[in-house]
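Under UniProt numbering, the final residue of the sequence shown carries the number 98; numbering is consecutive throughout. Take a look at the structure set out below.
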Amino acid sequence: MLVELTIRRTTSEPPNNSPIDGVRILSLLPAQWRKELTAANGEIVVRVRTEDDTTIEQIRVKVTAALTAPEVSHWELATCDTPAIGHHEPPAGSAPSP
Numbered sequence: 001m002l003v004e005l006t007i008r009r010t011t012s013e014p015p016n017n018s019p020i021d022g023v024r025i026l027s028l029l030p031a032q033w034r035k036e037l038t039a040a041n042g043e044i045v046v047r048v049r050t051e052d053d054t055t056i057e058q059i060r061v062k063v064t065a066a067l068t069a070p071e072v073s074h075w076e077l078a079t080c081d082t083p084a085i086g087h088h089e090p091p092a093g094s095a096p097s098p
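Now the structure itself:
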């Protein structure tokens, strides 16, 4: 399953270290998930791919739990959705088209 997570600050302070926090959040997520930090400009956007039958609700629960770690507890999960149509992801191991 492929999901896109949007994570935002819980405070109104300027997000001066969101790229660093994005990396911290990635490290707190399950090791077996493939993760990609796609944006860190005030909000953190992470794409997660699971290769098993993990549900979107299970992903949401694990991400929310990870965000309770003291070093990233000033962030909260805003959205956890499958990517919109038009953001096609090639199957794992496939070569790009010429």
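Heads up, the beta-carbon is just placed ideally off N, CA and C, and yes, glycines get one too.
- Only buried fits Asp21, as 16 or more other CB atoms lie within 10 angstroms of its CB.
- Counting the other Cβ atoms within 10 Å of the Cβ of Ile56 gives fewer than 16, which makes it exposed.
- Spanning the alpha carbons of Val46 and Trp75 requires a straight line of approximately 13 Å.
- Annotated three-state conformation of Asp81 is strand, per DSSP.
- Annotation for Arg34: Arg49 place their beta carbon closer than 6 Å to its own, counting only its chain and skipping 5 residues before and after.
- As a beta-bridge residue in DSSP terms, Val48 pairs with Val3 and Lys35.
- With fewer than 16 other Cβ atoms inside 10 Å of its own Cβ, Val61 counts as exposed.
- For Asp21, the enclosing alpha helix (DSSP H) stretches over residues Ser18 to Leu28.
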